[in-house]
Amino acid sequence: MSQGFGLEDLETCEHVFLASNSVTQLTRHATQFHRRQFIDMFFCQCDAEKYKHLGQFLLNNYKQVLEILCDTPVHIQSLLPGWHISDAQFSTWLQEEHKYLNSKKSKPEKDILATHSQRKQTRATDQARLCQVTHDAWEGVVFLQKELEQVEEKLDIGTQWTPEQPEYQRAADYIHTCKFQVAVDKLEGLVVQWLFELTKANVSQTGMDIETLHPGILLIYKRLQDAHAYIQGTTE
Numbered sequence: 001m002s003q004g005f006g007l008e009d010l011e012t013c014e015h016v017f018l019a020s021n022s023v024t025q026l027t028r029h030a031t032q033f034h035r036r037q038f039i040d041m042f043f044c045q046c047d048a049e050k051y052k053h054l055g056q057f058l059l060n061n062y063k064q065v066l067e068i069l070c071d072t073p074v075h076i077q078s079l080l081p082g083w084h085i086s087d088a089q090f091s092t093w094l095q096e097e098h099k100y101l102n103s104k105k106s107k108p109e110k111d112i113l114a115t116h117s118q119r120k121q122t123r124a125t126d127q128a129r130l131c132q133v134t135h136d137a138w139e140g141v142v143f144l145q146k147e148l149e150q151v152e153e154k155l156d157i158g159t160q161w162t163p164e165q166p167e168y169q170r171a172a173d174y175i176h177t178c179k180f181q182v183a184v185d186k187l188e189g190l191v192v193q194w195l196f197e198l199t200k201a202n203v204s205q206t207g208m209d210i211e212t213l214h215p216g217i218l219l220i221y222k223r224l225q226d227a228h229a230y231i232q233g234t235t236e
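For the sequence shown, position 3 (counting from the first letter as 1) is numbered 3 according to my numbering, and the numbering increases by one without interruption.
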């Protein structure tokens, strides 16, 4: 018996349970009896369809295996001349690959110590930069002040605006409107992405709890909440 899984992709269960998500539209708010009845009907129908196409499935796999067994050795033999590689060498390479992958299950102690050393050195460097940050911040204030003077000169502003002046308030309202429009556009895109993800996973219109959804869908939901909270903050 050959080792390994051959051509199996190990995703059969995932395909079956993803398809079964469509049943939740019927079972979510059904009674216990009807919930089990619908689930049983789904898997019975699934089995019947699989059995119906099982012969063709086995035939296609058998043909694919025959093609691999016939074509692969010929292709390998065409590449071997000049390399002086024996059949036993392939098994040796496979064993070396397994040994290498097993060695990568845990990080070497030397690498762990080197990581700790680098982190401590980074912290020491951050502390040394703290004084430089204060100096750079002051230079940033001076630079912004010069830019402000240049803008005021272009706008022919004699006296610097204050929050009480109408010109300052109009500019602030314009910035507020732009931020609101950007947030609405982002929220609209997230809503469309959320609907696509729900449809792809066959969980739309099922009434499933948010906590039970896929992590990728939960991430989009969190972004939706953040975008909605930001829009509420801008409208207050």
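Beta carbons: idealized from backbone N, C-alpha and C, even for Gly.
Keep in mind that this is a model prediction, so the values were computed, not measured.
Reference residue i, options the options, closest by Cα
i    : options                : result
F17  : R35, Q37, A128, F42    : F42
L190 : T159, K222, T162       : K222
V23  : E11, L155, Q127, C44   : C44
E49  : C70, T27, A19, T134    : A19
Q225 : K186, F196, V133, I157 : K186
E167 : L155, C178, I39        : L155
E197 : T177, V184, L219       : L219
A227 : V182, T199, L195       : V182
Host alpha helix (DSSP H) of residue i (start-end)
i    : result
P73  : 32-79
L101 : 87-103
H15  : 12-20
L26  : 24-27
Residue i, DSSP secondary structure in three states
i    : result
W161 : coil
H84  : coil
D156 : coil
P108 : coil
L195 : helix
M1   : Since pLDDT at M1 reaches only 41, below the 50 mark, its modelled position is unreliable, and the value read off the structure follows with that caveat. Reduced to three states, the DSSP call for M1 is coil.
Closer than 6 Å: residue i CB and nearest the ligand SAM heavy atom
i   : result
I68 : Looking at this structure, you won't find the ligand SAM or any other ligand, since it has none at all.
Short CB-CB distance (under 7 Å) between residue i and chain D
i   : result
L94 : Absent here is chain D; the protein component of the structure consists of one chain.
Task: Cβ contact check for the segment 48-55 and the segment 19-33: 3 or more pairs under 8 Å - done: no
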